[in-house]
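Chains as they are written, first to last, in the numbering used here: chain F, 8 to 302; chain H, 634 to 1015; chain Z, 10 to 305.
Glycine included, C-beta positions come from ideal geometry on N, C-alpha and C.
Notes follow the structure.
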Amino acid sequence: MIQRTPIADAFTYVLMVLGFILLIGPFIVILAGASQTLQQINSVPFHFLPQDRFLENASAAWSRANLGTAMTNSLIMACLVTFGKVALSACTAFAIVFFRTPLKHLFFWMVFITLMLPLEVRVVPTYAVAADLFEPFRLLISALTGTEISVEWNLLNSYAGLTLPLIATATGTFLYRQFFMTLPDELAEAARMDGSGPVRFFVDMLMPLSRTNMLALTTIMFVYGWNQYLWPLLMITDPTYKTTMMSLGALLPSENSLPDWNVTLAGSLIIMAPPLIVVAVLQRWFVRGLVATEK
Amino acid sequence: MNKVSKMADIDIRAVRKSYGKTQTLHGVDLCFASGEFVVILGPSGCGKSTLLRMIAGLEEITAGEIAINRRVVNRLEPRERGCAMVFQNYALYPHMTVAQNIGYALKVASVPKVERERRIKETAKVVGLCEYLTRKPAALSGGQRQRVAMARAIIREPKVFLFDEPLSNLDAKLRVTMRAEIRKLHQRLSATSIFVTHDQVEAMTLADKLVVMNKGHVEQVGQPLDIYHRPASVFVASFIGSPAMNLFDTRVEVDTASVRIGAAQVPIDPALAARLRGRDLTIGIRPEQCVVLPDGGRVPAKIDFIEELGSGRVVHAEMGDQTFAAVIGEHVNVRAGDRIGLELPSSQLHFFDRDSGRRIDMEINSSVPQQVAGASTLAIAH
Amino acid sequence: MEKRSVFNSWWLPILFALPQILLILLFFYWPAIAVMKWAFTLEPPFGGAAEFVGLTNFKEVFADPFYWKSVAVSLIFALCGTFFTILVGLVLAIAVDRQLPGSGLFRFLYILPYAIAGPAAGMAFRFILSPERGLMASVNAAFPDFWNPAKYGTHALVLVIVIFAWKWAGYTFIFLLAGLQSVPRSLAEAAAMDGAGPIRRAVDIQVPLLAPTLFFLLVIMMTEGFVGSDTFGIVHSTTGGGPNHGTEVMVFRIVDEAFKGLNYSGASAQSIVLIGLIMIFTFIQFRFIEKRVHYK
């Protein structure tokens, strides 16, 4: 170890405390504001000490933005998206890594290119597909055979619509691919010698072995799923399917009413809580997932 | 030169392997009798592992045929070939216990649980793993992992055992123990075993039949001692034996019955000399067969340095522009820098064609008694 | 890199890849083709089939000063956001890497903002940095109109950049800390033997060895700043692109034109430009990652 100088140590602590004020300060403000009364929160200067009104504010926010429904929907959405992403990326990576097929390159590149097509740049036509899922098939079939078919499946205002378009994942697929590549060749060979076929190998070997990966991916994908904003905004008009991110607007004090930011902050704290808890409790996995997906 | 059994269990016919344009196996023909312990020996990259993996079914056969028990297995999946394999790095399933590792093949084959457990216990007893059945591979020592790998192969009662350099990850002492255990195991199970290694000691001690490979070709097939005494090529001669055989490029001198080695003339059989005259030769002699005479002999040399082996010493000497190694007993009193004489018994010379590297077979070797004489000279030399 | 031993089956890999490939075709490629089509065609105002108009849509987009304003806003947003996230992340990573007592707790805390969705953070910051209450009210009391993001576009832009940097600083921090920890201790020790103090060591040894990580983060954060979903979310929930287009980043303008202005062709043309930009970033990143593999 390098010897430490007290001045350098003190300076280091100053930097770390500054970082704390910068990055955690906003949480303290939110927490303090969310537990204050209407008068306290609108007083200048701002009081940084939390008060005792959090539960009242929270319940006001809960009913104002109908957070019960929204939290349930967000939870369902985040879980479905997470599960779908983890499952599909494992399957696709398996196909890409463990088979001798010319298609593996096609699959790889098809998945890779999705990185260059973020939702924002293809939002209108993606919405159009979700509104009429079978349109591409209908057009293809009528172009190929000349027959018109009339099947329709509208994903608007449904959990399928909220989740299906978000499930494809290049980062997840690459994470699994990366992991599969690091497994020694002998593992698959030993399994083959023991009589195991590909599916069995996938279930008996790859799934249990990739548990840490799965957990890492699950944490980052849950946060991703929970924090989705634009897509639910477009997909959902029916209030029974509203997610938390869509409820943010309802929490804002309206122009001509009381500036009850204490309620707004309490509500936003509730909305922030699930991903915050996941990152705090599973931080080891979350960090591992983040670092691994970008490699 | 080999007795080819009609009961051949494994038959390898004109097998080739290429990756794209590079060919790694150039037509291999081999025949292994059932119950034989075959060792395939060669330097890394010689194609020995590829050949083994082709028998196992892990590598596609580019051309030729492999038959196990007269059934061509080219198109069969590994599990249908009745082979079990022990891998170099053991390839244990890290997330399974020892028992699960050993029993996995049976589980895949849907063997009922009760029977499975009975056989796992039995097999564990054979390799001495009974106390470790509930452990994970990470909690085992190298030797124990090796035993799990073997147990995993044994439990399937295969017709053929394949070993892919299984001892190379063990330390020297454990390697000797495991070598003996593998040999004992083979005597007990008597299934055909093919063992791939680059370690000549392993090869010599384990093999019923030794196959020496180099650069995708089979150099020589035979019993270990035969190969040691009559290496079929320069490559085999230099690869087998430690310290390595001394090799000299030379010709038979005009009008004499001798070859020049360094500064010296070594007489050889006149009949042989007549036959070899005019050809470029490589001559070999094993360090164990050279006789060192401290007070000067026919071939003068100067000692460069001496390696102590404990049981004996290896003298590295210079004679003219050639260097030379000879094994001497521990009591021979020589030191680095000493001038000595060498005696090279002509009966112990191996003659190879320099261009092809193949052995030139000598009638002279049929006069065997001299071989014994050579060995005794060494004993007297101190 | 290829696996030595693989399974032989032509239909299993297809079966395994099919679900994701199908979703990709439906929700990525089909829409991408539609974007392509719309960018080069125009729907007549009174209905009928779209007609091919060549580069007209692009010309129209490029002739619009508000488009160029959005390009400028995006550029400032991405550049400043990237600069501050990396700066904060780097300083904190170097501090935490000294492994003083308690630095583990700071490391744990610094990552937390990254869990917060951009829009949720945006709403909280609307209060925290509001001109009338929260933290800036006292400043405004002393200097009237010093800070008013609702009124001044520049202030609003600063606001969204602050939110972006706040959220993403923890992310760069993670990567930079990981990078620092992979720098061998012996190097810092050798520098210490040579008489370099802590700051000198940071500047002379650690930062240069972090260069690959820094460059990687630069590309990632620029991409995120231009097209990241948080960028849209932050702008949409905090300022709505205003005031006076002052925070209208490119992604926001595309979505806004498509759904509010119903100008699909214009939005598609802008999308194509943005996709081109992403391709450049991805290319750089890919080249760079390729190189990094070589280093190892």
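Answer with buried or exposed for F/Leu162, where buried requires no fewer than 16 other C-beta atoms within 10 angstroms of its C-beta.
Here residue 162 of chain F corresponds to residue number 155 of the first sequence, with the count starting at 1. By the 10 Å Cβ count, F/Leu162 comes out buried.
Alpha carbon to alpha carbon, how far is H/Ile645 from H/Glu755?
Reading the second sequence from its first residue, position 12 is the one you call residue 645 of chain H. Reading the second sequence from its first residue, position 122 is the one you call residue 755 of chain H. Distance between the alpha carbons of H/Ile645 and H/Glu755: 34 Å.
Which residue's Cα is closest to the Cα of Z/Pro110: F/Asn164, F/Ala17, F/Ile35, F/Leu110?
Taking the third sequence and counting its residues from 1, one reaches residue 110 of chain Z at position 101. Checking every option, the nearest Cα to that of Z/Pro110 belongs to F/Ala17.
Quick one: which chain F residues come within Cβ less than 7 Å of H/Phe850?
Indexing the second sequence from 1 puts residue 850 of chain H at position 217. Going by the sequence as given, residue 850 of chain H is His instead of Phe. Within chain F, no residue comes near H/His850; the closest Cβ sits about 25 Å away, beyond 7 Å.
What does H/His728 touch in chain F if you count any residue whose Cβ is under 7 Å from its own?
Taking the first residue of the second sequence as 1, we reach residue 728 of chain H at position 95. Going along chain F in sequence order, the residues near H/His728 (Cβ under 7 Å) are Pro215, Leu216.
Which two residues bound the contiguous beta strand (DSSP E) that contains H/Ile916?
Taking the second sequence and counting its residues from 1, one reaches residue 916 of chain H at position 283. Unbroken beta strand (DSSP E) run through H/Ile916: 914-918.
Take the Cβ of Z/Gln279 as the centre, count every other Cβ of all protein chains shown within 10 Å, and call the residue buried at 16 or more, exposed below.
Position 270 of the third sequence holds residue 279 of chain Z. Classification of Z/Gln279: buried, given that the 10 Å Cβ count is 16 or more.
With 16 as the cutoff for other CB atoms within 10 Å, does Z/Met202 come out buried or exposed?
Along the third sequence, one-based indexing puts residue 202 of chain Z at 193. Classification for Z/Met202: exposed.
Can you tell me where the alpha helix (DSSP H) holding Z/Asn149 begins and where it ends?
As a first step, residue 149 of chain Z must be located in the third sequence, where it is residue number 140. Segment 145-151, the alpha helix (DSSP H) holding Z/Asn149.
The beta strand (DSSP E) with H/Gly855 in it runs from where to where?
Position 222 of the second sequence, counting from 1, holds the residue named residue 855 of chain H. Here the beta strand (DSSP E) through H/Gly855 covers 850-855.
Let me know the secondary structure DSSP gives H/Ala1008 once reduced to three states.
In the second sequence, counting from the first residue as 1, residue 1008 of chain H sits at position 375. Because the pLDDT of H/Ala1008 is 36, which lies under 50, any placement of that residue in the model is unreliable, and the number read from its coordinates should be weighed accordingly. Correct three-state label for H/Ala1008: helix.
Chain-ordered chain H contacts of F/Gly202 [CB-CB under 7 Å]
In the first sequence, the residue the question calls residue 202 of chain F occupies position 195. Near F/Gly202 (Cβ distances below 7 Å), the residues of chain H are Arg712, Ala738, Val741, Ala742.
Taking all protein chains shown into account, do 16 or more other C-beta atoms lie within 10 angstroms of the C-beta of H/Glu835, making it buried, or fewer, making it exposed?
Stepping through the second sequence from its first residue, residue 835 of chain H is reached at position 202. It is buried - the Cβ of H/Glu835 has at least 16 other Cβ atoms within 10 Å.
Report buried or exposed for H/Val887, applying the criterion of at least 16 other Cβ atoms within 10 angstroms of its Cβ.
Taking the second sequence and counting its residues from 1, one reaches residue 887 of chain H at position 254. Under this definition H/Val887 is an exposed residue.
When DSSP labels each residue in this structure, what does H/His819 get in the three-state scheme?
For the purposes of this step, residue 819 of chain H is taken as the residue at position 186 of the second sequence. If DSSP states are grouped into helix, strand and coil, H/His819 belongs with the helices.
According to DSSP, H/Met846 sits in a beta bridge with which residue or residues?
Within the second sequence, residue 846 of chain H is the residue found at index 213, counting from 1. H/Val851, per the DSSP bridge assignment.
Where H/Met718 meets chain F, residues with beta-carbon distance less than 7 Å
Taking the first residue of the second sequence as position 1, residue 718 of chain H is located at position 85. Near H/Met718 (Cβ distances below 7 Å), the residues of chain F are Met200.
Give me the residue from Z/Tyr76, Z/Val236, Z/Asp239, Z/Tyr180 with the minimum Cα distance to Z/Leu223.
What you label residue 223 of chain Z is simply residue 214 of the third sequence in a count that begins at 1. Answer by Cα proximity: Z/Tyr180.
On the DSSP letters alone, give me the boundaries of the beta strand (DSSP E) that H/Ala958 sits inside.
The residue labelled residue 958 of chain H in the question sits at position 325 within the second sequence. Run containing H/Ala958: 955-961, per the beta strand (DSSP E) assignment.
Residue-chain proximity (Z/Phe235, chain F), Cβ-Cβ < 7 Å
Start at 1 with the first residue of the third sequence, and residue 235 of chain Z comes out as number 226. It does not: the Cβ of Z/Phe235 has no partner Cβ on chain F nearer than 7 Å.
Under 8 Å: do the stretch 219-226 of chain F and the stretch 147-155 of chain F share three or more Cβ pairs, one atom per stretch?
no
Is it right to say Z/Lys305 is buried, meaning 16 or more other beta carbons lie within 10 angstroms of its own, or is it exposed?
As a first step, residue 305 of chain Z is located in the third sequence; it is residue number 296 there, counting from the start. Low local confidence applies: a pLDDT of 30 at Z/Lys305 is under 50, so the model's placement there is unreliable, with the coordinate-based value given in what follows. Exposed, by the Cβ-count rule.
How many angstroms separate the CA atom of H/Asp913 from the CA atom of H/Ala757?
Position 280 of the second sequence, counting from 1, holds the residue named residue 913 of chain H. Position 124 of the second sequence, counting from 1, holds the residue named residue 757 of chain H. One C-alpha to the other measures close to 58 Å.
Report the neighbours of F/Met212 on chain H: residues whose CB is nearer than 7 Å to its CB, in chain order.
Counted from its first residue, the first sequence places residue 212 of chain F at position 205. In chain order: Tyr726.
In terms of residue numbering, what span does the alpha helix (DSSP H) encompassing F/Glu193 cover?
Reading the first sequence from its first residue, position 186 is the one you call residue 193 of chain F. Per DSSP, F/Glu193 belongs to the alpha helix (DSSP H) from 192-200.
Can you check which of these residues, Z/Gly188, Z/Pro153, Z/Ala124, Z/Gly143, is closest to F/Val286 by C-alpha distance?
Numbered from 1 along the first sequence, position 279 holds the residue referred to as residue 286 of chain F. Per the Cα distances, Z/Ala124.
Give a yes or no on whether the minimum CB-CB distance between F/Leu194 and chain H is below 7 Å.
Within the first sequence, residue 194 of chain F is the residue found at index 187, counting from 1. Yes - at least one Cβ of chain H is within 7 Å of the one on F/Leu194.
Taking C-beta pairs closer than 8 Å, name the residues in chain H that F/Pro191 reaches, listed in chain order.
The count along the first sequence starts at 1 and reaches residue 191 of chain F at position 184. By Cβ distance, chain H contributes Asn722, Ala724.
Starting from F/Met84, follow the alpha helix (DSSP H) in both directions and report where the run begins and ends.
As a position in the first sequence, residue 84 of chain F is number 77, starting the count at 1. Segment 74-105, the alpha helix (DSSP H) holding F/Met84.
At the 7 Å Cβ level, is H/Leu691 part of the contact set with chain F, yes or no?
Here residue 691 of chain H refers to the residue found at position 58 when the second sequence is read from its first residue. Closer than 7 Å to some Cβ of chain F, the Cβ of H/Leu691 qualifies, so yes.
Starting from the Cα of Z/Leu23, find the closest Cα among F/Val131, F/Asn234, F/Pro109 and give me that residue.
The residue labelled residue 23 of chain Z in the question sits at position 14 within the third sequence. Note that residue 23 of chain Z is Ile in the sequence shown here, rather than Leu. Among F/Val131, F/Asn234, F/Pro109, the Cα nearest to that of Z/Ile23 is on F/Pro109.
So, with DSSP's three-state summary, where would you put H/Asn879?
What you label residue 879 of chain H is simply residue 246 of the second sequence in a count that begins at 1. In this structure, H/Asn879 counts as strand in the three-state DSSP scheme.
Nearest to Z/Phe25 (by Cα), restricted to the options F/Arg291, F/Leu190, F/Arg60, F/Ser96:
Taking the third sequence and counting its residues from 1, the one referred to as residue 25 of chain Z is at position 16. Comparing Cα positions, the closest option is F/Ser96.
Going by DSSP in three states, H/Lys792 sits in which element: helix, strand or coil?
Counting from 1 along the second sequence, the entry for residue 792 of chain H is found at position 159. Looking at H/Lys792 - three-state DSSP - the assignment turns out to be coil, as it is neither helix nor strand.
Do H/Met952 and H/Ala934 count as a contact pair if the criterion is CB distance below 7 Å?
Along the second sequence, one-based indexing puts residue 934 of chain H at 301. Along the second sequence, one-based indexing puts residue 952 of chain H at 319. Result yes, Cβ atoms of H/Ala934 and H/Met952 sit closer than 7 Å.
Near-chain H residues of the stretch 93-125 of chain F - C-beta to any C-beta below 7 Å:
none
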